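Asks: Following this message is one structure expressed as structure tokens.
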Amino acid sequence: MDFYEVLDQVVDLLRRRRRVTYRALKVQFKLDDEALEALKDELLKAQRLAVDEAGEVLVWSGDTATAPEPSPAASQPVQPPATAAGQRPHAAPPPAAFHTPDAERRQLTVLFCGLVDSTALSSQLDPEDLREVVRAYQATCAEVIQRFEGHIAQYLGDGLLVYFGYPHAHEDDAHRAVRAGLGMVAALEALNTHLAQRHEVRIAVRIGIHTGLVVVGDVGGGRRQEQLALGETPNMAARLQGLAAPDTVVLSAATLRLV
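Numbered by my numbering, the letters in the sequence shown go through residues 143 to 401 in order.
Dropping the structure here:
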């Protein structure tokens with residue numbers, strides 16, 4: 143089995159289990175250190191389908207709209223038993239099940255989260271230590287967001303752009319967004335205990351939430367495309383985040399009416 147066949151299987155495993163340790167991956171796929179590092183580079187940097195947690199755990203952050211094309215074994219519900227391992231079926235169609243419309247209009251609750259005084263933090267820490275702090279913050283937030291079935295649309299430096307209502311909608315998406323925002327603030331309190339001991343720093347966040355109509359579709363060009371929501375709603379969430387006090391969640395009137 144070549145490297146990319148292993149990568150496809152790891153993506154499928156992460157999508158199902160959401161959290162997998164590096165140790166488990168080495169045992170399951172018999173990876174040496176070099177292969178594991180290459181796998182991490184693909185998942186964390188090239189494909190951006192996962193985030194690292196404390197250098198020990200991979201946490202799924204992707205979805206079917208942004209995931210790489212799965213292997214034929216994963217994309218076909220049933221394979222003939224006579225098919226050789228790793229061999230592509232002769233008439234296998236492209237993975238149309240993962241295709242999304244060019245543009246889709248829907249109501250969305252958008253959460254925007256940003257670190258407080260990130261510039262001061264970057265001047266206080268060595269770049270490698272800063273990277274460790276930011277990744278720990280992102281992983282902590284991602285775990286809470288996944289608990290409420292939100293979708294992280296983008297990692298914007300030290301910011302997070304999160305959708306509730308896309309790609310999967312719920313009747314209580316506004317409630318989920320607010321509970322996720324409060325949960326992120328609470329989870330970072332526990333993280334700060336670790337950061338204070340290891341790096342002598344404390345981080346705080348500002349969170350803004352707004353609900354409104356958007357159009358979701360492909361944005362970007364060439365091989366660099368993302369599924370993003372366009373309209374006033376994401377911009378309003380970002381402006382509210384800028385108004386928030388440290389470690390608080392600010393809601394728009396539209397979101398407040400729903401909760």
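Where a beta carbon is used, it is the ideal one built from N, C-alpha and C, also for glycine.
All of these numbers come straight from a predicted model, not from anything done at the bench.
1) According to DSSP, simplified to helix, strand and coil, what is Tyr146?
2) Please go through the same chain and pick out, in chain order, the residues whose beta-carbon is closer than 7 Å to the beta-carbon of Ser264, but skip the five residues on each side of it.
3) Report the CB separation of Leu370 from Ala295 in whole angstroms; it is logged as a contact under 8 Å.
4) CB-CB under 8 Å to Asn334, same chain, minus the five flanking residues each way: which ones, in chain order?
5) Just to confirm, are Leu400 and Ala316 a CB contact at a threshold of 9 Å?
6) Would you please state the rounded distance, in angstroms, between the beta carbons of Val201 and Arg161? I believe it to be under 8 Å.
7) Which whole-angstrom value describes the C-beta separation of Val306 and Thr251, a residue pair presumed to lie in contact below a C-beta threshold of 8 Å?
8) With distances taken Cα to Cα, identify the nearest neighbour of Val358 among Gln151, Tyr308, Phe171.
9) State the Cα-Cα distance for the pair Thr225 and Gln151, rounded to the nearest angstrom.
10) Cutting at 6 Å between CB atoms, please list the residues of its own chain near Phe171, excluding the five before and the five after it.
11) If we count the other Cβ atoms within 10 Å of its Cβ and call it buried at 16 or more, is Tyr146 buried or exposed?
12) Does any residue of chain B bring its CB to less than 9 Å from the CB of Ala188?
13) Using C-beta distances below 8 Å, list every residue in its chain close to Asp194, excluding the 5 sequence neighbours before and after it, in chain order.
Replies: Checking against the coordinates, here is how it stands:
1) helix
2) Leu272
3) 6 Å
4) Arg344, Ile345
5) yes
6) 5 Å
7) Checking the sequence, you will find Phe at residue 306 rather than Val. Indeed they touch by this definition, with Cβ atoms about 4 Å apart.
8) Tyr308
9) Reliability of the predicted coordinates at Thr225 is poor, the pLDDT of 45 falling under 50, and the value obtained from them is presented with this limitation in mind. Cα to Cα, the separation comes out at about 17 Å.
10) Val148
11) exposed
12) This model lacks chain B altogether, as it is built from one protein chain only.
13) Lys182, Leu186, Leu200, Val201, Arg277, Ala281
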